[in-house]
Amino acid sequence: MSGLVTTEWLEEQMKSPDWKEKYCLLDCTWDLPKAKRNFQEEHNNCRIPGAKLFDLNECRNKDAKLPNTVPSELHFVNHVKKFPLSNAKHVILYDNSERFGLFSAPRVWWLFNVFGHSNVSIVDGGLPKWKREGRKIESGPYTEDENFPAIENEFKAAYNADLVKDLSFMKTNFEQKCPVQVLDARPNGRFRGVEPEPRPDIPSGHMPLSISIPFFTNFNMQEKVMFPTDEIKSNLTKAAVDLNKPIVSSCGSGITASALLFSLFLVTGQRYPLFDDSWFGWQTNTPNTPEWQLREKTEN
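Numbering (the numbering used here), first residue to last: 1 to 300.
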């Protein structure tokens with residue numbers, strides 16, 4: 001099963017008599033705090049039938065100094081217990097990003113992979129595409145048809161440490177001239193240091209030797225869907241990414257880096273690691289010098 005599924009495919013599966021036994025559909029909508037969106041309210045007002053809300057604001061390490069840090073294995077398991085989910089189920093994810101079609105669902109895709117569940121797919125185009133095509137939506141309290149039978153076997157996690165890289169790894173990698181390629185998924189202006197970060201207390205810029213490849217480079221921004229895999233591969237090659245060498249992704253706080261990892265998975269079938277502290281963690285824990293943090297010189 002590909003990591004990316006179409007709205008047509010999803011609608012067909014939902015007609016199957018074993019839909020509830022085989023699948024778990026999750027609404028993974030998330031946005032930057034400045035957007036001031038109420039994800040639960042949005043989910044209640046408009047959702048794909050049968051979907052449950054996966055709240056990334058709840059599924060994170062709240063004790064960490066940095067936003068969106070990966071939760072503990074126990075935290076993740078306790079979070080997914082609220083869903084009709086067992087290890088045998090195929091998890092299908094979508095989100096409600098009018099701008100991109102998908103934005104935060106790849107973060108949940110990555111989290112499931114981190115905790116050992118690889119049978120996960122994302123709906124291309126998400127809820128916006130589903131609505132544009134006139135497919136059925138639900139609102140209000142969950143209907144009787146949206147209720148799923150109880151799961152006999154609880155979800156069990158198996159933490160994959162290879163998919164999470166920390167600051168120590170990144171510093172060593174940098175000191176060794178980056179044998180593991182560092183791909184930065186933020187917009188290029190933030191990478192160059194000429195546009196601001198979402199958090200006003202964090203200056204923009206980038207890790208030296210890292211490669212700028214904004215996550216939306218691999219999106220068809222007119223149709224709000226992913227580009228075909230051959231076009232994604234071409235975009236990566238143009239950005240000087242060597243798919244035969246190790247890769248780690250980074251962004252501002254770990255969300256859009258997951259979208260870049262998802263693009264890489266579609267092309268190579270491989271699951272690559274993410275620097276979960278990302279630029280926020282690097283910028284606040286390394287010397288503020290050109291050797292460690294690069295920014296373009298701009299005239300005042």
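Beta carbons are placed, not taken as given, at the ideal position from N, Cα and C, and that holds for glycine.
Short of 6 Å in beta carbon distance, which residues of its chain neighbour residue i, apart from the five on each side in sequence? Order them along the chain.
i: ASP277; result: LEU66, LEU167
i: SER212; result: ASP184, ASN188, PHE191
i: PHE39; result: THR29
i: CYS178; result: LEU209
i: GLY50; result: LEU25, GLU146
Only counting the same chain, and skipping five residues up and downstream in sequence, which positions put a Cβ closer than 7 Å to that of residue i?
i: LYS22; result: LYS89, HIS90
i: TRP19; result: GLN13
i: ASN148; result: Here residue 148 turns out to be Phe, not Asn, going by the sequence shown. Excluding residues within five positions, the ones whose Cβ falls inside 7 Å are LYS20, PRO84.
i: LEU53; result: ASP27, PHE39, GLN40, HIS43
Suppose you measure from the CA of residue i to the CA of residue j; what does that come to, to the nearest Å?
i: GLU12; j: VAL5; result: 11 Å
i: SER258; j: GLY116; result: 16 Å
i: TRP9; j: ILE202; result: 42 Å
i: LYS15; j: TYR94; result: 18 Å
i: ARG37; j: TRP30; result: 8 Å
i: PRO200; j: TRP292; result: 20 Å
i: ASP230; j: ASN218; result: 10 Å
i: GLU299; j: VAL248; result: Interpretation of GLU299 is limited by its pLDDT of 46, a score under 50 that renders its predicted location unreliable; the figure taken from the coordinates is listed afterwards. Those two C-alpha atoms are separated by around 33 Å.
i: ARG295; j: ASN44; result: 43 Å
i: TYR159; j: LYS297; result: 42 Å
i: LYS165; j: ASN78; result: 23 Å
i: MET207; j: PHE169; result: 13 Å
i: VAL26; j: PHE103; result: Checking the displayed sequence, the identity of residue 26 turns out to be Leu instead of Val. Rounded to the nearest angstrom, the two C-alpha atoms are 14 Å apart.
i: THR284; j: LEU236; result: 29 Å
Would you mind giving the Cβ-Cβ distance between residue i and residue j, rounded to the nearest angstrom? I have them listed as a contact below 8 Å.
i: LEU163; j: PRO17; result: Not quite, the Cβ-Cβ distance comes to about 35 Å (not below 8 Å), so this is no contact.
i: PHE100; j: PHE174; result: Between PHE174 and PHE100 the Cβ distance is about 30 Å, and since that is not below 8 Å, they are no contact.
i: PRO198; j: GLY252; result: 6 Å
i: THR69; j: ASN61; result: 4 Å
i: ASP242; j: GLN181; result: 7 Å
i: PHE83; j: CYS24; result: 6 Å
i: GLU138; j: GLU144; result: Incorrect: roughly 11 Å between the Cβ atoms, too far for contact.
i: VAL194; j: ILE232; result: Going by Cβ atoms, the distance from VAL194 to ILE232 rounds to 26 Å, so no, they are not a contact pair.
i: SER121; j: GLY3; result: 6 Å
Can you list, in chain order, the residues of its chain with a C-beta nearer than 8 Å to that of residue i? Leave out the 5 residues immediately preceding and following it.
i: GLU133; result: THR7
From the DSSP output, read off the bridge partner residues of residue i.
i: ARG199; result: ARG199 pairs with nothing; no bridge assigned.
i: HIS313; result: No answer is possible for residue 313: it lies beyond the span of the chain, which begins at 1 and ends at 300.
i: HIS90; result: TYR23
i: LEU53; result: ASP27
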